[in-house]
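One structure is given here, and the rest of the page talks about it.
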Amino acid sequence: MTENPTEQESESTQYDYSFDYIQKKLEGKKDSYGMLMKEIVRAGICTECGTCAAVCPVLEWDHLTGQPKLIGKCTGCGICYNQCPRTITDPIQLMGEFKTGYVSNTNIPEVIGAQDGGTVTSLLCYLFDEHLIDAAVVSMKDPNNPWHPVAQIITNKDDAIKAAGSIYCHSQTVEALMDAIREGYRSIAFVGTPCNIDAVDKMTSSPAGMLKYFMRAHVLKIGLFCMDSFSPEAIYPFFEQDGIDLTKVVKMDINKGKFHIYYDHDGEPIKSYTIKQLDKFKSSSCNFCTDLTAENADISVGSVGSGPKKNTAFARTGIGAEIIEDAASKGYIKIESYNAINLNAVLFLAKLKKVSQYNIQKRKVFIVKDSKTQSEPKVETKPEAEQAVKPLGSRKFLSVKKSINEEDVVLNISLTNSVGYLLEDLKIRIVIVEELFEKKPWITTIRELFPYETIEIGYPLETVNNDIVYSNVLVEASTEKFGKVFSKTYKLAPQEEK
Ligand SMILES: Cc1cc2nc3c(=O)[nH]c(=O)nc-3n(C[C@H](O)[C@H](O)[C@H](O)COP(=O)(O)OP(=O)(O)OC[C@H]3O[C@@H](n4cnc5c(N)ncnc54)[C@H](O)[C@@H]3O)c2cc1C
Ligand code: SF4
Ligand code: SF4
Ligand code: SF4
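Counting from 1, position 27 in the sequence shown corresponds to residue 27 in my numbering; the numbering is continuous, with no gaps.
Structure follows, in structure tokens:
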């Protein structure tokens, strides 16, 4: 610290300059104090380092709550967000390494009407025409099962054009790739979501990768940007119940937080949902995914960051850049330079995806029954014959674990949603079974049980002279939609605890 006022003044001027400079640099980004609170503090990953409060004149450290606290008007400049050690703000961390980027769209009349700018399909056309590939792996709509993806090996550009369009579900693309390799194709373009691309990347580059020492096939990885995909077993019945005829749907599109469904390529959507509305149908694996832009691809293509009917494309490898440039020079696509990309939009979405991992909390609902209150057995588990169709075949809805806590005289039962999508209004019934009679029934309804969430229930056991009575306990669960989804009688014994 200095006593010299001139030095103090120059120090403070320099600090102000630095604050203003960074503020300007962050203009247009959506980083803010609100995001810091949501993504870091409320997600429980704040290290309490106090950096955010240290840099901002209107933030101070609240020692009582162990959190930053606003003491003035926040301008939303995002400086606090960008100093925090737990936020992810570096563009390379958010989007991966790339050589250059473009805004691109097709120049081929038959490809207009593809998902966005038709860049992926046009690149496939170029690659076939130039004999750079002898096959490609794409995902087409199953003709017998509307809007279910089928990964396909194609060998010509007409099929590439037929495969245009996005299907927002997991597609088993690697299976088709391996078939193509076994069938003897040696230069293969592989189109897939970032998770698909990661699989191929691992197979070709990790020490134990199946394709690492297989020199005869070259795979060009064309990655699609991807924020999330949905469980077809869950989302399509929902659409159908909502009056949508899947056989008439020509396009599904996710744009600016909305899922649109079209019967007509040029018309308005016949139905639009917010992504939040459809969140319960999201594939649970997508909650754990942090890669928006297919960071391990040769070429990554998406829609965010470019205008309607255009694509944002990143060339990540030398060959990726050469292919895009040559396809453009030969008139397959039009390209605009890197500066045409709305990079802030891409970074914002990429950030949402990277930090979503912080919000994965295994919610646990703790329920302890008060042994003095007696509820009446009113559960209505549907008889087998009346049960709704279970669309998941042999897949288990719930996995159940139990243990006895002798000290508290409680049977701990934990039920985990193992089905991979939301279970609504889950009715749980626990009862002691003595010969043919049931007693001490206990019932509760859990409004929403998210995929892989666990409910912990403490069911009080009976005692005689302070000794636990080890009886049989029946655990049942049912939902309105699926009827009885779990039923098992447990024979309790003292050694249960071990
Ligand atoms: C599940 C999913 C989620 C997406 N989320 C986003 C997002 O959040 N933000 C964003 O900017 N872009 C997203 N995209 C990418 C976007 O929908 C377009 O695929 C991309 O912009 C390329 O557009 P295009 O016009 O060049 O595609 P087209 O020329 O129409 O080509 C699309 C290609 O994708 C293939 N394909 C379709 N469905 C699948 C699938 N399920 N798995 C593997 N390959 C498939 C087709 O075979 C076709 O070759 C997503 C794509 C998918 C499949
Ligand atoms: S003014 Fe800027 S640095 Fe301060 S809390 Fe708001 S966003 Fe953060
Ligand atoms: S800078 Fe980040 S980690 Fe540090 S106290 Fe603030 S929110 Fe927490
Ligand atoms: S969000 Fe991730 S896991 Fe889900 S489909 Fe997209 S890339 Fe795959």
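All C-beta atoms, glycine included, are put in the ideal place defined by N, C-alpha and C.
Quick caveat, the model's predicted, so the values are computed rather than measured.
Identify whether Asn287 lies in helix, strand or coil by the three-state DSSP scheme. helix
Who are the near neighbours of Val41 in its chain, counting only those whose CB is closer than 6 Å to its CB and skipping five residues on each side? Gln67
Quick one: what does DSSP say Asp159 is sitting in, helix, strand or coil? helix
Please give the ranges of any alpha helix (DSSP H) in the region 107 to 176, keeping only runs that are unbroken, at least 4 residues long and fully inside the region. 119 to 129 and 157 to 162
Any heavy atom of ligand 4 closer than 7 Å to the CB of Ser283? yes
Assuming the contact rule is C-beta atoms closer than 8 Å, Pro451 and Leu422 should be a hit. Round their C-beta distance to whole Å, please. 7 Å
For the beta strand (DSSP E) holding Thr416, just list the boundary residues, first then last. Val410 to Asn417
Opening and closing residue of the beta strand (DSSP E) in which Ala350 lies: It is not in any beta strand (DSSP E) - Ala350 instead sits in the alpha helix (DSSP H) that spans Leu343 to Ser356.
Where does Ile45 sit, in a helix, a strand or coil, going by DSSP? coil
State the DSSP-derived secondary structure class of Asp326, mapped to helix, strand or coil. helix
Label Cys289 either buried or exposed according to how many other C-beta atoms from any shown protein chain fall within 10 Å of its C-beta, with 16 as the threshold for buried. buried
How far does the alpha helix (DSSP H) with Tyr452 in it reach, from first residue to last? Neither: Tyr452 is in no alpha helix (DSSP H) and is coded neither H nor E.
Residues with C-beta closer than 6 Å to any heavy atom of ligand 2, in chain order: Ser32, Tyr33, Cys56, Val58, Leu59, Cys74, Thr75, Gly76, Cys77, Gly78, Ile79 and Cys80
Enumerate in chain order the residues of its own chain whose CB-to-CB distance from Phe397 is below 6 Å, with the five nearest sequence positions on each side excluded. Val419 and Val485
With a threshold of 6 Å on Cβ separation, who are the neighbours of Ile335 within its own chain once the five nearest residues in sequence on each side are excluded? Tyr102, Ser104 and Ala328
Within 8 Å (strictly less), CB to CB, does Val219 reach chain D? Among the protein chains of the structure shown there is no chain D, as only one such chain exists.
Which of the three DSSP states is assigned to Ile71 in this structure? coil
Whether or not the region 290 to 298 and the region 195 to 205 are in contact is what I'm after, with contact meaning three or more pairs of Cβ atoms, one per stretch, closer than 8 Å; do they touch? yes
Under a three-way DSSP split, which group does Lys362 fall into? Because the pLDDT of Lys362 is 47, which lies under 50, any placement of that residue in the model is unreliable, and the question is left without a value.
I need the DSSP call for Ala477, collapsed to helix, strand or coil. strand
Please classify Ala208: does DSSP put it in a helix, a strand, or coil? coil
Tell me which residue opens and which closes the beta strand (DSSP E) that Met252 is part of. Lys251 to Asn255
Within 8 Å, strictly: CB atoms of Gly34 and Pro57: no
Please state whether the Cβ-Cβ distance between Ala151 and Val137 is less than 8 Å. yes
Taking DSSP as the reference, what is the three-state secondary structure of Lys202? helix
According to DSSP, is Thr317 part of a helix, a strand, or is it coil? coil
Hey, would you say the C-beta of Met227 is under 7 Å away from at least one heavy atom of ligand 4? yes
With 16 other Cβ atoms within 10 Å as the buried cut-off, status of Asp215: Correcting the residue type first, residue 215 is Met in the shown sequence and not Asp. It counts as exposed.
Unbroken alpha helix (DSSP H) run spanning Leu422, endpoints: Unbroken run through Leu422: none, as it is neither H nor E.
Indicate whether Val250 and Tyr236 have their beta-carbon atoms separated by less than 8 Å. no
Cβ neighbour criterion (16 or more within 10 Å) applied to Met210: exposed
Tell whether a beta-carbon distance below 8 Å holds between Asn255 and Ser356. no
Contact check, Ile324 vs Ala313 under 8 Å by CB: the rounded distance? 6 Å
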